[in-house]
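Everything on this sheet refers to the single structure shown next.
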Amino acid sequence: MRLYLVCVLLLVSCGLLGVIGRSVIKKEGQPKKQSTLDKEVLFEDEDYEDDDVLDLPPEEQKSRLKSLVEKKMDVNQDGFVDREELVQWSQKSLNRFETEASREEFSSVDENEDGKVTWEEYSSFLYGEDFAIDHEDFKNPQSDEWSGFVDRYNREKVMFAAADDNTDHGLTLDEYIDFKHPQFNPKTKRLLLNETLSRVDLNMDGGISLEEFLADYKKNNKENDQDWKIVETDKFKEDLDLDKDGLLKGEEVVMMVATDNFKEAEDEADHLIEETDEDQDGKLSPDEIVNNHELWVESDATDYGRQLMLNHDEL
């Protein structure tokens, strides 16, 4: 048990447990090719078959792509996909991709297969069956690693309770997604905001300054890279402090620990419009998208573009 907990503590000290913002990367950690990202943000992945969309004849790909555009992406049914609609679709798809691992994990955590995950099942899954809070190192932590572990354990338990919307002491799949990705639900998002402020806002002025941001980063990262301060300062100023007032507040604080993928969705929408908008009117017709279908569906990955394998009347 001690060896297992040591491994868990190493994960905690590296910041690998709990809520972590995610860049759009492959599972093995390499940046995604643009064509792969195009396909991911276009198609959802629920109820799909395992066939590869690239196995379909080009005309069938085009037909299914056009059906998806007309029935799902063109929300206001005006015959075009405008930037707002494309951003919304892209964000939805990116968010679903981000939660995919948690969806797959749910059945493994739900040990008794009753469709709900209890805190006991989750802690057993994450920390091991022998883990107990009456462990001496847990009750009286004597190191920074153990203190960090206890703090994170308690914070996750509070978030678990907040995600339990009907307070039945078990999380459904949707509630489990809210627990693992609190930025997507208003209730858990509010808790995430308050928890982050209580932990990082040392002078309690309601915002996180650059100094507090860097101090929190240094506490949670033991790397020896001498450029970390330059990199994180740039992140604070350029990516997080949207109103440029020198403090992270509200949504900016949430972005610090967990992205909602809105910026990524905007970037992707702008890229697709730039490449596809043949008449330069700022919106995409189904024909413009179909005429550039290879941009939207081609990839060397065989498991993307999966919604083209569905009958979109069922979506």
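The sequence shown runs -21 to -1, 1 to 294 under mature numbering (1 follows the signal peptide of the UniProt record, and there is no 0).
Every residue, glycine too, gets a C-beta built ideally from N, C-alpha and C.
Computed from a predicted model, the values in this text were never measured in an experiment.
Counting the other CB atoms within 10 Å of its CB gives Ser72 a total of 16 or more, which places it among the buried residues. DSSP places Ile268 within a helical segment (H, G or I) once states are collapsed to three. A buried status is given to Leu171, since no fewer than 16 other beta-carbon atoms sit within 10 Å of its beta-carbon. Inclusion of Asp239 and Phe163 in the CB contact set at 8 Å is warranted, their separation being smaller than that value. In the DSSP annotation of this structure, the continuous segment of the alpha helix (DSSP H) that includes Thr175 starts and ends at Pro165 to Val179. By the 16-neighbour rule on beta-carbons within 10 angstroms, Gln40 is buried.
Taking C-beta separations shorter than 7 Å and ignoring five residues to either side along the sequence, the partners of Val232 in its chain run Leu172, Thr175, Leu176 and Ile187, following chain order. When DSSP reads this structure, Asp61 sits in a beta bridge with Lys262.
Secondary structure of Val88 (DSSP, three-state): helix. Within the model, the alpha-carbon separation for Phe110 versus Phe76 is close to 31 Å. For His148 against Thr97, the beta-carbon gap comes to about 6 Å, under 8 Å, which counts as contact. Residue pairing from DSSP places Ile187 in a beta bridge opposite Leu227. For Ser46, the uninterrupted alpha helix (DSSP H) segment begins and ends at Pro37 to Leu47. Counting only residues of its own chain and dropping the five nearest sequence neighbours on each side, Lys168 has a CB closer than 7 Å to the CB of Pro161, Gln162 and Val233. Secondary structure note for Val129: its alpha helix (DSSP H) is the uninterrupted segment Asp123 to Ala142. Of all C-beta pairs linking the stretch 254 to 265 to the stretch 81 to 95, fewer than three are shorter than 8 Å, placing the two stretches out of contact. The beta carbons of Glu63 and Pro265 sit no closer together than 8 Å. Here the C-alpha atom of Glu115 lies approximately 10 Å from the C-alpha atom of Gln121. In the three-state reduction of the DSSP assignment, Leu150 falls in the strand class. With distances taken between CA atoms, Glu99 lies nearest to Lys136 out of Leu152, Asp113 and Lys136.
A straight-line Cα-Cα distance of about 44 Å links Met235 and Pro36.
If you check the CB distance, Glu267 and Asp256 come in under 8 Å.
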